[in-house]
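K.L.:
Our numbering applies: residue 501 is where the sequence shown begins, and numbers increase by one.
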Amino acid sequence: MIKSGGSFFYKGERCTVGAVILLKGLPYMVTVSHIFRRGEGDHLTVDGTKLAVTRILKDFDLALIELPPACTFEITELGSAAELEQAVLVNDIHAINCRVVNAGASLLFLGFQCYNMPEPGDSGSPILQTGKVIGLMSSVTLDTCMGIAISSSIIRGLEK
């Protein structure tokens with residue numbers, strides 16, 4: 501089943517599904533775009549199915565991949581970030597605790613424990629608060645133990 505926090509493979513590397521949403525009634529997988537070399541048209545494998553990147557939103561570091569009707573998927577419940585509250589980065593490899601330090605209109609700023617930081621394969625991982633996805637991990641700064649995530653408000657805006 502394709503769902504938030506699950507894995508897909510691109511160029512032999514494990515990557516993370518950030519969210520699954522409906523756009524105009526069709527299911528799409530959402531992840532960060534910086535992991536793809538070419539962008540639109542790049543091929544990946546999820547749940548044993550070969551797919552292609554449908555659309556890149558460079559301004560937001562997001563990639564959309566349309567899911568075929570035969571796929572089994574779970575729509576992601578999106579939430580809103582509460583500042584100065586605990587959150588967790590989750591994927592099928594591990595969970596990493598963090599705190600939302602600041603929540604802007606399009607980005608979340610996260611503080612991590614310096615001994616438990618996200619790794620390169622964690623790009624695109626969902627950030628959760630109260631069981632709902634509030635953002636997708638985009639980048640980290642190791643020397644400050646801070647991270648940046650794309651806010652779920654951007655993803656919700658796509659659904660309109």
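Heads up, the beta-carbon is just placed ideally off N, CA and C, and yes, glycines get one too.
Note that this is a predicted model, so its numbers are computed, not measured.
Does DSSP classify residue 536 as helix, strand or coil?
P.N.:
Against the sequence shown, residue 536 aligns to sequence position 36. Coil, per DSSP.
K.L.:
Could you compute how far the alpha carbon of residue 553 sits from the alpha carbon of residue 532?
P.N.:
Taking the first residue of the sequence shown as 1, we reach residue 553 at position 53. Taking the first residue of the sequence shown as 1, we reach residue 532 at position 32. Between residue 553 and residue 532, the C-alpha separation is close to 11 Å.
K.L.:
Which term fits residue 626, buried or exposed, when burial requires 16 or more other beta carbons within 10 angstroms of its beta carbon?
P.N.:
By one-based count along the sequence shown, residue 626 stands at place 126. By the 10 Å Cβ count, residue 626 comes out buried.
K.L.:
What is the DSSP secondary structure of residue 521, reduced to helix, strand or coil?
P.N.:
Looking up residue 521 in the sequence shown gives position 21. It is a strand residue.
K.L.:
Given 8 Å as the limit, is there contact between the region 559 to 568 and the region 518 to 529, that is, 3 or more CB pairs closer than that?
P.N.:
yes
K.L.:
Can you pull the DSSP bridge partners for residue 551?
P.N.:
For the purposes of this step, residue 551 is identified with residue 51 of the sequence shown, where counting begins at 1. Note: residue 551 sits in a beta bridge opposite 544.
K.L.:
Determine contact between the region 631 to 646 and the region 576 to 589, defined as no fewer than three beta-carbon pairs at a distance below 8 Å.
P.N.:
yes
K.L.:
Where do the N-terminal and C-terminal ends of the beta strand (DSSP E) with residue 667 fall, by residue?
P.N.:
Lying outside 501 to 660, the shown extent of the chain, residue 667 is not represented and no answer is given.
K.L.:
Would the beta-carbon of residue 589 fall within 9 Å of that of residue 655?
P.N.:
As a position in the sequence shown, residue 589 is number 89, starting the count at 1. As a position in the sequence shown, residue 655 is number 155, starting the count at 1. Going by C-beta atoms, residue 589 is not nearer than 9 Å to residue 655.
K.L.:
Which of the three DSSP states is assigned to residue 567 in this structure?
P.N.:
Taking the sequence shown and counting its residues from 1, the one referred to as residue 567 is at position 67. Reduced to three states, the DSSP call for residue 567 is coil.
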